[in-house]
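A.B. asks: Read in full-length UniProt numbering, the sequence shown has 91 at position 91, and its numbers run on one by one without any break.
Here a beta-carbon is modelled for each residue, glycine too, at the ideal position from N, C-alpha and C.
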Amino acid sequence: MYWLAFSWAERSGCGSKLGGKFACRRRHGVMENSVHNADRPTTWHIYWQAALGRDLLLRPELAERIRNRLLAAHDVGGRKLLYYLLMPREIHLISILRPEDSTASFATGVSNVIGKWVREADGAFGPVFADRYQAQRVDTVEALRSEVRMLAWRPVAAGLQALPTNYANSALRAILGLCLPNGFHATALFDWLGGSVPQERTALQRALAVEPSNLEIVRWELVKGLVSARGTVGPSGPMARRVRGASAGLVAASRDRSVDGALKLLERWVEVKLGLHGGHGLSSRKGMEGARGRALVANLAMRSGLCSAACVARHYGRAKATLSEQMTASSARAADQAILSIPMEQIVREAIALATHPAVGGGGGGGGGGGGR
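Next comes the structure, spelled out in structure tokens:
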């Protein structure tokens with residue numbers, strides 16, 4: 001489990017405790033630093049996803065040119081390239097940037113050159129990347145190890161290779177000593193991790209022996225914004241949104257990997273917590289029990305960032321105004337406050353366990369509720 005920790009830097013935005021004050025803005029799905037990184041070097045996972053119909057490695061020489069461009073971008077005192085991964089649909093790099101570096105300027109400088117090469121290769125005009133770039137801070141050793149593990153297995157998840165070490169267009173083989181470095185300095189990663197080269201190589205090999213589960217992969221893709229959470233509870237029905245943290249875990253664990261499915265997981269958890277039986281879902285359950293359960297689901301959905309109260313109202317076929325009143329009453333009820341104070345990561349774990357092993361549901365304390373509809 002040491003390597004399974006996820007980096008949730010995007011949940012707290014730029015307010016990491018690595019030092020420095022950030023002037024942040026969201027643009028193209030990126031929580032970016034608009035002026036400089038901080039008063040000390042900062043580690044970033046920066047990545048790009050190809051626009052629809054683009055192949056970033058269309059010609060064999062593109063991989064080498066892009067690799068050399070990444071190395072050249074880090075050939076500046078204070079910058080270090082810890083890891084890179086080049087795939088037909090994605091480019092990832094983990095970089096240490098200087099305090100004076102703008103993440104936006106650095107990433108844009110890299111992508112502008114790569115975009116020009118890709119357009120020359122395929123002869124098509126238009127955007128090469130789906131977004132200008134995306135970036136997330138990597139603030140801890142555990143987060144860095146987790147990112148390296150997920151990136152090492154990414155070509156396997158994408159169906160490009162059977163084993164991580166078989167994929168040539170990444171830093172992994174050089175880091176493990178399986179090929180010549182050719183300008184890539186693997187010691188930068190080992191220095192960051194704090195161990196000796198032999199120790200960290202052994203630790204990395206142990207971690208890579210465990211392939212990420214499908215749940216881990218989908219959750220990682222959702223958190224990174226590589227895929228969107230879809231659903232049918234938008235204003236006009238179909239919807240797609242980015243989810244993070246606990247909400248990404250719920251979507252990834254749901255049967256159809258959707259916002260609707262995640263709401264069903266929350267609903268089942270609430271039913272067990274309230275000790276509701278009889279096989280009636282919260283959609284059809286009448287009276288104060290049903291109203292209380294739906295209000296709890298809505299409060300948890302909003303707290304986790306899964307969706308809005310309006311989406312939950314559509315999910316249950318209820319009026320938003322009525323549900324909002326019930327949510328307010330639930331938030332003021334002592335018994336419900338105790339439920340709502342449970343950490344979301346714990347709720348996600350328990351909801352996933354209920355979905356995987358329904359027999360583990362025991363039932364919880366009920367308690368009075370507000371008026372139903």
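1) Taking His277 as part of the beta strand (DSSP E), name the residues at either end of that continuous run.
2) Starting from Tyr84, trace the beta strand (DSSP E) both ways and give me its first and last residue.
3) Take Gly234 as the anchor and find which of Ala353, Val259 and Gly123 has the nearest alpha-carbon.
4) So what does DSSP say about Ala168, is it helix, strand or coil?
5) What does the Cβ neighbour count give for Thr356, buried or exposed, with the cut at 16 atoms within 10 Å?
6) Helix, strand or coil for Ser7, going by three-state DSSP, please let me know.
7) So, are the CB atoms of Glu147 and His45 less than 8 Å apart?
8) Under 8 Å between the Cβ atoms of residue 417 and Ile66?
9) Taking the alpha-carbon positions, what's the Val197 to Phe190 distance?
10) Per DSSP, what are the beta-bridge partners of Gly231 in this structure?
11) What's the call for Arg40, buried or exposed, on a 16-neighbour Cβ count within 10 Å?
12) Using DSSP with H/G/I as helix, E/B as strand and the rest coil, what is Glu211?
13) If I follow the unbroken alpha helix (DSSP H) through Leu97, where does it start and stop?
14) For the alpha helix (DSSP H) containing Tyr316, name the first residue and the last one.
15) Please list the terminal residues of the continuous alpha helix (DSSP H) segment that includes Thr42.
16) What distance in whole Å lies between the Cβ atoms of Thr43 and Val141, which are believed to be in contact at a cut-off of 8 Å?
17) DSSP three-state call for Ala301: helix, strand or coil?
18) For a test of the three-state rule: what should DSSP assign to Phe129, helix, strand or coil?
19) Expressed to the nearest angstrom, what Euclidean distance is found between the alpha-carbon atoms of Val35 and Val227?
20) Helix, strand or coil for Gln199? Go by DSSP, reduced to three states.
21) Tell me which same chain residues have a C-beta within less than 8 Å of the C-beta of Ala162, skipping the five on either side of it?
22) Run through the DSSP bridge pairs and tell me what Gln136 is partnered with.
23) Is Ser331 helix, strand or coil by DSSP?
24) If you reduce the DSSP assignment to three classes, tell me which class Ser258 lands in.
25) I'd like to check one pair, Ala319 with Ala313: are the Cβ atoms closer than 8 Å?
26) Three-state secondary structure (DSSP) at Gln326?
27) Of the choices Val128, Leu204 and Ile352, whose alpha-carbon is the least far from that of Arg173?
28) Are Pro266 and Ala351 touching if we call contact CB-CB under 8 Å?
29) If you follow the alpha helix (DSSP H) that Phe190 is part of, which residue opens it and which one closes it?
30) Give the straight-line distance between the Cα atoms of Phe106 and Ala295, rounded to the nearest whole angstrom.
C.D. replies: This is what the structure holds:
1) Premise fails: His277 is in no beta strand (DSSP E) and is neither H nor E.
2) Unbroken beta strand (DSSP E) run through Tyr84: Lys80 to Leu86.
3) Selection Ala353, Val259 and Gly123 evaluated against Gly234 yields Val259 as nearest (Cα-Cα).
4) Ala168: coil per DSSP, three-state reduction.
5) Label assigned to Thr356: exposed.
6) Because Ser7 carries a pLDDT of 32, less than 50, the predicted location of this residue cannot be relied on, and no value is offered for it.
7) Yes; because the gap between Cβ atoms is below 8 Å, this pair is in contact.
8) The displayed coordinates of the chain run from 1 to 373. Any statement about residue 417 would go beyond what the structure contains.
9) For Val197 and Phe190, the distance between alpha carbons rounds to 6 Å.
10) Answer is Met239, bridged to Gly231.
11) So Arg40 ends up on the exposed side.
12) For Glu211, the three-state secondary structure derived from DSSP is coil.
13) Taken as a continuous stretch (DSSP letters only), Leu97 belongs to no alpha helix (DSSP H), being part of the beta strand (DSSP E) at Glu90 to Leu97.
14) Run containing Tyr316: Ala309 to Tyr316, per the alpha helix (DSSP H) assignment.
15) Per DSSP, Thr42 is not a residue of any alpha helix (DSSP H); the beta strand (DSSP E) it occupies stretches across Thr42 to Gln49.
16) The pair is not a contact, with the Cβ atoms about 10 Å apart (cut-off 8 Å).
17) If DSSP states are grouped into helix, strand and coil, Ala301 belongs with the helices.
18) Three-state result, Phe129: strand.
19) For Val35, the predicted model reports a pLDDT of 38, less than 50, meaning its position is unreliable and no value from the coordinates is stated.
20) Secondary structure at Gln199: helix, using DSSP grouped into helix, strand and coil.
21) Correct list, in chain order: Val156.
22) Gln136 pairs with His45.
23) If DSSP states are grouped into helix, strand and coil, Ser331 belongs with the helices.
24) Of the three classes helix, strand and coil, the one that applies to Ser258 here is strand, per DSSP.
25) Cβ distance < 8 Å, so Ala313 and Ala319 count as in contact.
26) It is helical.
27) Put simply, of Val128, Leu204 and Ile352 the residue whose alpha carbon is nearest the alpha carbon of Arg173 is Leu204.
28) In the sequence as displayed, the identity of residue 266 is Leu instead of Pro. Contact: yes.
29) Per DSSP, Phe190 belongs to the alpha helix (DSSP H) from Thr187 to Leu193.
30) Roughly 45 Å between the two C-alpha positions.
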